[in-house]
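A short worksheet on the structure shown next.
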Amino acid sequence: MVHSIKDANKMSNLHQTSTSVLKEIYTKLFKIRTVEETIAKKYTEWEMRCPTHLSTGQEGIAAGVCQALLKDDYVLSTHRSHAHYLAKGGDLNKMIAEIYGKESGCSKGRGGSMHLIDKNVGFMGSTSIVGGTIPLAAGLALSSQLKKESKIACVFFGDAATEEGVFFETINFAAVKNLPILFICENNLYSVYSPLECRQPVNRKIFEMVNGIGIPSVAGNGNDALETYYKSKKFVDEIRNGDGPRFIELSTYRWREHCGPFFDNDIGYRSETEFESWKLRDPLLNFENQLIKIKKIPQEVIDTVKTEIKREVIEAFQFADESPFPDVSELYSNIYSGDTN
Amino acid sequence: MVHSIKDANKMSNLHQTSTSVLKEIYTKLFKIRTVEETIAKKYTEWEMRCPTHLSTGQEGIAAGVCQALLKDDYVLSTHRSHAHYLAKGGDLNKMIAEIYGKESGCSKGRGGSMHLIDKNVGFMGSTSIVGGTIPLAAGLALSSQLKKESKIACVFFGDAATEEGVFFETINFAAVKNLPILFICENNLYSVYSPLECRQPVNRKIFEMVNGIGIPSVAGNGNDALETYYKSKKFVDEIRNGDGPRFIELSTYRWREHCGPFFDNDIGYRSETEFESWKLRDPLLNFENQLIKIKKIPQEVIDTVKTEIKREVIEAFQFADESPFPDVSELYSNIYSGDTN
Amino acid sequence: MPRIINFAQAINEAFVQAMEIDKNVICYGLGVDDPKGVFGTTIGLQTKYGKERVFDIPASENAMTGIAIGASMAGIRPVMTHQRLDFSLLSLDQIINNAAKFHYMFGGQHKIPITIRMIVGRGWGQGPTHSQNLQALFAHIPGLKVVMPTTPYDAKGLLLSSIFDDNPVIFIEHRWLHNMEGDVPENDYRIEIGKSSQINEGNDITIVSMSYMTVEAIHAVEILKDHDINCDLIDLRSVKPIDWSSIHKSIKKTGRLLVLDTGVTEGSIAGEIIANVCENCWNDLKEQPHRICLPGTPTPTSYSLTKAYYKRSETIINTVSKMMNKDLDGYVLVDRKDLPHDVPGDWFKGPF
Amino acid sequence: MPRIINFAQAINEAFVQAMEIDKNVICYGLGVDDPKGVFGTTIGLQTKYGKERVFDIPASENAMTGIAIGASMAGIRPVMTHQRLDFSLLSLDQIINNAAKFHYMFGGQHKIPITIRMIVGRGWGQGPTHSQNLQALFAHIPGLKVVMPTTPYDAKGLLLSSIFDDNPVIFIEHRWLHNMEGDVPENDYRIEIGKSSQINEGNDITIVSMSYMTVEAIHAVEILKDHDINCDLIDLRSVKPIDWSSIHKSIKKTGRLLVLDTGVTEGSIAGEIIANVCENCWNDLKEQPHRICLPGTPTPTSYSLTKAYYKRSETIINTVSKMMNKDLDGYVLVDRKDLPHDVPGDWFKGPF
Ligand SMILES: Cc1ncc(C[n+]2csc(CCOP(=O)(O)OP(=O)(O)O)c2C)c(N)n1
Ligand SMILES: Cc1ncc(C[n+]2csc(CCOP(=O)(O)OP(=O)(O)O)c2C)c(N)n1
Ligand SMILES: [Mg+2]
Ligand SMILES: [Mg+2]
């Protein structure tokens, strides 16, 4: 049975993975989930006054991929960037402050939820224009190649971003130049409320198409953080080895509405059944259950991780709350770099 | 021997093709060649004052593809559009007048060589922006689908156009909507002076890539007008049958400089040897030799075609010469459709 | 008896009527058939007119614009919708290089009857990439028409005119207008593109405005009237072509000009209007013209910064009052009812 | 002793010096390494600095712009070249949505030191899609800088400044300038972005101009001088930011303004300058300002139409003379040496 082979693979993966890696992945998963759900809860106080796209349900990808990257590697992301920012090690306090529009935010309140940055950990930015950061990642990869650095660039984007011309152009150039870049497509089946079938040919797989454009590609289960980690790790090693660009398409599902804190299965663009079937594939819970099953990490350690993160999250919201807003006198600052005003 | 099988195929193709089709293809080939070479000769009088991209050497594609289309079918083209315009049946007098910037030109002198049109024969326009007409063709195909017409749209473009995002976006949409559209890529190995290898991954075939994006595709020898005709015919039938979009990549070679009347093998971007090897594959001469060999068309008929076309070409240049320039008082006409000024 | 509906419903009604009149009218764009129907503007269209004429598309702005152009060459009248103007920047190639030029450069033989709706965001952290007011960019391109309706009445009449205009029309809707209500006749009526609307008559000063800024101007004009300042308020409706004769006529009467623009100052439509009026009505002007536009920065996201960034009726009152040598304080006179500055009303909550 | 080279050579020299100074400077664009080297401007660079730093690219304008932005985030200083400005319209998404905003919207943490060269065509049937003068479009976007050098001296100094500026700079070159010659020092020198250049001093009228129109202005100013009209001729060099203080100072002196622009009238930089001067120097102005720009049509291709389309020194002379209440006829005074109107000189033959 295919199923049990997969399960066996999974188990052997789990067994052969070091405790520290497992713990780190788990920590990422739990942190993202906790942050996003806390945002969802607090959003209805209407104090986070910016469009906010939550990643709940999609944590496996950010956690698995970023676990395979080094701190110096570059990451870029989209409108739905909290998970990537956190998984790459971005400062939590600054992220929450940013969503609250505070001067202490990672973008000093100028960007909001869709425009996060933490250069200290290689998180080079996210923007809301679909596909907009894909070439930027290739540019960073080019800089790394030019400077003969070992850094690689990794860019996260959704299934809809693969419909933009700039995606195709970037894939082509990355292949021509053999750039050190990892493309991660999070296929969550929807673009806002639009299902895949009105946007892409029905029988075409994104990763196979990319293969045909010129980049070695695989698909994977994005809700399985460990599978994601191993697929990413293999590719990251190849990329760092100078083998050129790689692409992974990872299946997943967004739990909450496209933008905002609520659930929206009731409005009719997708079914409750579909949603429920994906909820069973909870990337956090399944990972946690497996960890418990194989007993490589004691329950106390897991509990400590949880307690620690919950505390961090509470503190982050406190930090954001207590931080001042940008001063209106600063409206004109930073139009140009090097400006003195 | 593969070679002789090919040759045998070719011969049987020739034998099974009706005399009228053979004659029509030959007429197209000879007409394009004669027009282009006459332009080349006369260009240095510096009276054709606009960027002019000649198709000499690439006639097989225009002739073969357009032979497979009906008069009502739509055609769109690029900066290098003379061949397509003529093969589709565009008015020769109006084309030459257009290149001379005359009011009697097909675009009333407003467009020049790169912006031709003859709606009477479905030639819907050409423009100089690389890739710019590809989505227009899809739009015309969409109109045909919406109106339940049997017309199909056909768009010609070069190898470089397949590097533009808009190409990819159009292919994707055409596949999603099953549009009645035929994409023709003329791969002449160069974009201006740039060879393929600095623009596209070395081992990737364009038509295979398009297959992967979602459209059935084949490659062919663009210097063989008959092969091109049969490959196009098959696809045109399928498209008209409602089977959706099709794509053909045709190999060919431009003889003269990218833009202008001269030869430029001396400047160093391509070798004289390469050029010579392609000259041996002359789409016109080879076709004519085969026609003579199989004796389906008497030499006199061929000679009449030649004489007739030469006369037409002379008359066209006379027509252009004698036509008046647009009146400067008309500068502001046609900014908007429906304008009275 | 007035028939009160809101701006979004007026857009929807124009769609319905256009699609009834002419089966060549089609409607597409990201999400036009989804449950939200682009803020209600496209609700129900797919049910009424089918999936062939009303459909969702891939995220491929440039090609989908070219596809509209191509279809329009065969007589289709596509209406394409961008949920934010910012997304249309991916398609400027097709808009500028093709749509704007095809009629002229083919000697009048092509008509390009396309309408491209672009919605401009404001407030609630829309920020740098969701709230750009780039009408000046489109208005600079020969061959395009650009309209920016303010009232539900004009929204309906202008959308119908745009759809049945044989030229490419950029149709810019301000997000803060969608819930504004007004009298909208049920019948098919058209607003001529290129004609402004006189919203208030007065002899003291000409205020030329557009889109959402006209709403702020209406408040200001009312308050100013209470203080004996009478404004000629002209709502442009079209920013290309501009209704120069109405503007010039008003300047002849008032001798004073204030232009309000939803875009940034430098290179604004407001600047063009000032330049044109100075060129053409020099002797009628009693003093230098003024404009109120956005500061020349990307839109900041933070709540605290947008307060200084956007200009409202308070600023209009202060500027006009200074021009008239009076001493009014807009911040005292305008009653904001404690509504936060970054929402147009109570109905606007959450991300958009 | 003057060292005379042409504009294209000056650009080339700036490239060489920049690439010597900083190995992070790279140069790419369609054809930068081909035998023609973008009208000679990039000739020899690949031989000197290798294929890693100087390379040809796919026809993928939007991605290649984004790639420049990305690389610049890591300290690379990419110079991207478009053989025609028109092709850059495919990349406005990356220029406007990303390059212009990244410094501001990330709170000052990113620098985007990219330079995008755009060449504007004119004459020889360049027509609607090869000769657009869209500087106004870029100048309207907060966060961009836009320069338009006229002289070889400024071309070199401004390109060096642009490359080493930490912001995105749109560097617009007029095709008719490439063969103009002038004195260009060998050393590394910089022209400050945002500072204009005073080309002639005079008390009668201020002429503000840019790019190729300054060449026409220089001819006109000389002839006008012979007829006792003395012009302050200001070459903008930067159209964003604009050197307002120099313009205002000149207006204070002359009281008269004529602006020359290579773009179409409506929404032009010229309009912005008129608006700004009217707002700020109202009492200094003796009469209404004027501008000479292109008509609001797509560029026609035909030889006969471009003659009326483009404005030259004849028109400048006529306008100035009218403003000064004199009766000069530019068409009589200017000696065109029988050169056709659609070429800048004898060197310009054939398609480009
Ligand atoms: C160029 C552009 N077009 C449209 C939008 C509107 N938009 C915002 S998010 C989104 C959905 C993108 O879907 P996908 O890439 O699959 O990411 P997901 O939201 O599913 O994570 C769209 C269409 C945009 N932001 N940018
Ligand atoms: C968007 C755009 N980029 C660049 C150019 C400049 N350009 C004109 S023709 C051409 C070559 C195109 O090559 P290809 O598509 O292979 O056609 P070919 O000339 O070989 O027939 C280029 C790059 C352009 N016209 N448009
Ligand atoms: Mg998605
Ligand atoms: Mg080619």
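Protein chains in written order, with this note's numbering: chain A, 13 to 353; chain B, 13 to 353; chain C, 488 to 839; chain D, 488 to 839. Quick reminder that beta carbons are idealized off the backbone N, C-alpha and C, glycines included.
Exercise. Hey, quick one: how far does the beta strand (DSSP E) through G516(D) stretch, first residue to last?
Worked result: 512-516
For this session: Answer yes or no: the CB of S203(A) versus the heavy atoms of ligand 3, is any distance below 7 Å?
Result: yes
For this session: Please state whether DSSP places R258(B) in a helix, a strand or coil.
Result: Strand, per DSSP.
Exercise. At a Cβ cut of 8 Å, what residues of the segment 556-580 of chain D count as close to chain C, listed as they run along the chain?
Worked result: D573, L576, L577, L579, D580
Exercise. Could you give the distance in angstroms between the alpha-carbon of L624(D) and the alpha-carbon of K131(A)?
Worked result: 32 Å
Exercise. Can you name the residues of chain D whose CB is closer than 9 Å to the CB of Y348(A)?
Worked result: H590, Y591, G630, K632, D652, D653, N654, P728
Exercise. Any heavy atom of ligand 3 closer than 7 Å to the CB of D171(A)?
Worked result: yes
For this session: State yes or no: is the beta carbon of C118(A) nearer than 8 Å to at least one beta carbon in chain C?
Result: The C-beta of C118(A) comes no closer than 8 Å to any C-beta of chain C.
Problem set entry | Min CB distance I554(D) to chain A below 8 Å | Output row for I554(D): interface = yes.
Problem set entry | Test: M700(C) CB closer than 8 Å to a CB of chain D | no
Exercise. Closest Cβ-Cβ distance between K712(D) and chain A: below 8 Å?
Worked result: For K712(D), no CB of chain A lies under 8 Å from its own CB, so it is not counted at the interface with that chain.
Exercise. With respect to the alpha helix (DSSP H) encompassing L98(B), which residues constitute its N-terminal and C-terminal limits?
Worked result: Run containing L98(B): 94-99, per the alpha helix (DSSP H) assignment.
Problem set entry | Any C-beta of chain B under 8 Å from that of A550(C) | yes
Problem set entry | For P207(A), the residue or residues it bridges with in DSSP | Y202(A)
Problem set entry | L664(C): contacting residues in chain A (beta-carbon distance under 8 Å) | None at all; the shortest Cβ gap to chain A is about 19 Å.
For this session: Taking C-beta pairs closer than 7 Å, name the residues in chain B that V178(A) reaches, listed in chain order.
Result: G177
Problem set entry | Where I603(D) falls: helix, strand or coil (DSSP) | strand
For this session: Consider the C-beta atom of N235(B) and the heavy atoms of ligand 4; say whether any pair is separated by less than 7 Å.
Result: no
Exercise. Is the closest heavy atom of ligand 1 to the C-beta of F625(C) under 7 Å?
Worked result: Result no, Cβ not under 7 Å from ligand 1.
Exercise. CB of F168(A) to nearest heavy atom of ligand 1: below 7 Å?
Worked result: no
Exercise. To which residues of the same chain is S725(D) closer than 6 Å at the C-beta, ignoring the five residues directly before and after it?
Worked result: V634, I680, G681
Exercise. If you measure beta-carbon to beta-carbon, which residues of the segment 163-193 of chain B are closer than 7 Å to chain C?
Worked result: Listed by position along the chain: G177, V178, E181, T182, N184, F185, V188.
Exercise. Would you call the CB atoms of L26(B) and L238(B) closer than 8 Å?
Worked result: A contact, by the Cβ cut-off of 8 Å.
For this session: Since I believe H597(C) is in contact with G608(C) (beta carbons under 8 Å), could you give me their beta-carbon distance rounded to a whole number of angstroms?
Result: Actually they do not touch by this definition, with Cβ atoms about 33 Å apart.
Exercise. Cβ of L148(B) less than 8 Å from any chain C Cβ?
Worked result: yes
Exercise. Short check: CB of F274(A) to CB of V222(A), under 8 Å?
Worked result: no
Exercise. Any beta-carbon of chain A closer than 8 Å to the one on A497(C)?
Worked result: no
For this session: Evaluate L292(A) with the Cβ neighbour count: other Cβ atoms within 10 Å of its Cβ, from every protein chain shown; 16 or more gives buried, anything less gives exposed.
Result: exposed
Problem set entry | Endpoints, beta strand (DSSP E) assigned at P565(D) | 564-569
For this session: To the nearest angstrom, report how far apart K305(A) and S93(A) are at their CA atoms.
Result: Each residue's CA atom was taken as its position, placing K305(A) and S93(A) some 31 Å apart.
Exercise. What is the rounded straight-line gap between the Cα of K643(D) and the Cα of V671(D)?
Worked result: 8 Å
Problem set entry | Pair within 8 Å by beta-carbon distance, L154(B) and I554(C) | Yes; because the gap between Cβ atoms is below 8 Å, this pair is in contact.
Exercise. Chain C partners of R61(A), CB-CB under 7 Å?
Worked result: Going along chain C in sequence order, the residues near R61(A) (Cβ under 7 Å) are W611, G612, Y790, D829.
For this session: Could you tell me whether the Cβ of A546(D) comes closer than 8 Å to any Cβ of chain B?
Result: yes
Problem set entry | Chain-ordered chain C contacts of T139(B) [CB-CB under 9 Å] | N584, N585, K588, F589, M592
For this session: For F542(D), name the three-state secondary structure that DSSP assigns.
Result: strand
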